[in-house]
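**Q**
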Amino acid sequence: MNLVFIRHGEGEHTRSTPESLHIPRPNLTSRGREQAEYLNREWKLNQGDLLVMSPTIRTIETALIWSEGVDCTKVVDSRVGPRMFPVKPEWTTLPCDRRLEPEEILSQFPEVKVETWGREINQMKDHSFTSIANEFLHWCELQGVKRIFIVTHDGTITAYKQHLTGKSLKRKDLPEEATGFEWEL
């Protein structure tokens, strides 16, 4: 099974940092929408694919633009929500990284399902994240599909990449917008 972690397109929260990081629940910018359309040319989705997304507006928007016209399964899962990288216990979750609640997701995006819902992984200690990551990867294996695309955040992708590869990664390893990391599971 092929896992492809994709960073969401450019969000409003990245336009003029650090101030813009305080925008609650930012949408994609017009550039971010173009990046999401580009994903459709880079990685063609098909009906048998599973598209998993973080519970934020910008990740769901990226996934829905990318998958427009494709009848694949689309689910939101808190295990791929925003995550700091590296985790700094003294920091707090920024407004831009606050997740939507299941009721909000289903109301605003009726075309998606909400899968597993647990505590936020943003500031979770590494040993707790390891348990969540293993649980998510096991769930992926149980889905019985060839390809799973996961639309999430730079810190989340880097945390999963570090978990999967066993290599120690740094902030310089964070992915650019609308780029991916592939892993054969």
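Counting from 3, one number per residue, gives the positions in the sequence shown under the working numbering.
Quick reminder that beta carbons are idealized off the backbone N, C-alpha and C, glycines included.
Just so it is clear, the structure is predicted and the values come from calculations on it, not from any experiment.
To the nearest angstrom, report how far apart S130 and E179 are at their CA atoms.
**A** Taking the sequence shown and counting its residues from 1, one reaches residue 130 at position 128. Taking the sequence shown and counting its residues from 1, one reaches residue 179 at position 177. Their Cα atoms are separated by approximately 27 Å.
**Q** Nearest to P84 by CA position, among Q49, G120 and L187, is which residue?
**A** For the purposes of this step, residue 84 is taken as residue 82 along the sequence shown, with counting starting at 1. Looking at the Cα atoms, G120 is the closest of the given residues.
**Q** Looking only at its own chain, which residues have a Cβ that is under 6 Å from the Cβ of V116, when we skip the five neighbours before and after it?
**A** Taking the first residue of the sequence shown as 1, we reach residue 116 at position 114. Cβ neighbours of V116 beyond the five flanking positions: V78, P104 and I107.
**Q** Return yes when the Cβ of I150 is within less than 8 Å of the Cβ of V2, no when it is not.
**A** With the chain running from 3 to 187 in the structure shown, residue 2 is simply not present.
**Q** For the 8 Å Cβ check, are there 3 or more pairs between the segment 129-143 and the segment 58-73?
**A** Not touching, per the Cβ criterion.
**Q** Quick test of your reading: L176 and G157, contact by CB under 8 Å. State the CB separation rounded to the nearest angstrom.
**A** For this step, residue 176 is matched to residue 174 along the sequence shown. For this step, residue 157 is matched to residue 155 along the sequence shown. Correct: roughly 7 Å between the Cβ atoms.
**Q** On the three-state DSSP scale, how would you describe I150?
**A** Walking along the sequence shown from the start, residue 150 turns up at place 148. DSSP places I150 in strand when its eight states are reduced to three.
**Q** What are the complete alpha helix (DSSP H) segments, minimum 4 residues, inside the segment 15-76?
**A** Runs found: 32-44 and 59-68.
**Q** Please list, in chain order, all residues of the same chain as R100 whose beta carbon is under 7 Å from its beta carbon, the five residues on each side excluded.
**A** As a position in the sequence shown, residue 100 is number 98, starting the count at 1. So the qualifying residues of the chain are P26 and R27.
**Q** Among the residues of its own chain, which have a CB less than 7 Å from the CB of Q37, if the five just before and after it don't count?
**A** Translated into positions along the sequence shown, residue 37 becomes position 35. Here the set comprises G11, E12, E179 and A180.
**Q** Unbroken alpha helix (DSSP H) runs of length 4 or more, entirely within the segment 93-146: which are they?
**A** Entirely contained in the segment 93-146, the alpha helix (DSSP H) runs reaching 4 residues are, in chain order, 104-110 and 128-144.
**Q** Which term fits L144, buried or exposed, when burial requires 16 or more other beta carbons within 10 angstroms of its beta carbon?
**A** By one-based count along the sequence shown, residue 144 stands at place 142. That one is exposed.
**Q** Note down the Cα distance separating I123 from M86, rounded to an integer number of angstroms.
**A** Numbered from its first residue, the sequence shown carries residue 123 at position 121. Numbered from its first residue, the sequence shown carries residue 86 at position 84. Answer to the nearest angstrom: the Cα atoms are 8 Å apart.
**Q** Apply the 10 Å Cβ neighbour rule to T58 and answer buried if 16 or more other Cβ atoms are within range, or exposed otherwise.
**A** Taking the sequence shown and counting its residues from 1, the one referred to as residue 58 is at position 56. Answer is buried; the Cβ neighbour count reaches 16.
**Q** How long is the line joining the alpha carbons of L96 and W185, rounded to whole angstroms?
**A** What you label residue 96 is simply residue 94 of the sequence shown in a count that begins at 1. What you label residue 185 is simply residue 183 of the sequence shown in a count that begins at 1. Going from the Cα of L96 to the Cα of W185 covers about 29 Å.
**Q** Please state if the CB of F183 and the CB of K169 are separated by a distance shorter than 8 Å.
**A** Walking along the sequence shown from the start, residue 169 turns up at place 167. Walking along the sequence shown from the start, residue 183 turns up at place 181. Not closer than 8 Å, so no.
**Q** Kindly list the residues whose CB is nearer than 6 Å to the CB of L171, restricted to its own chain and excluding five residues on each side of it in sequence; keep chain order.
**A** Counted from its first residue, the sequence shown places residue 171 at position 169. Taken in chain order, the residues that qualify are T160 and Q164.
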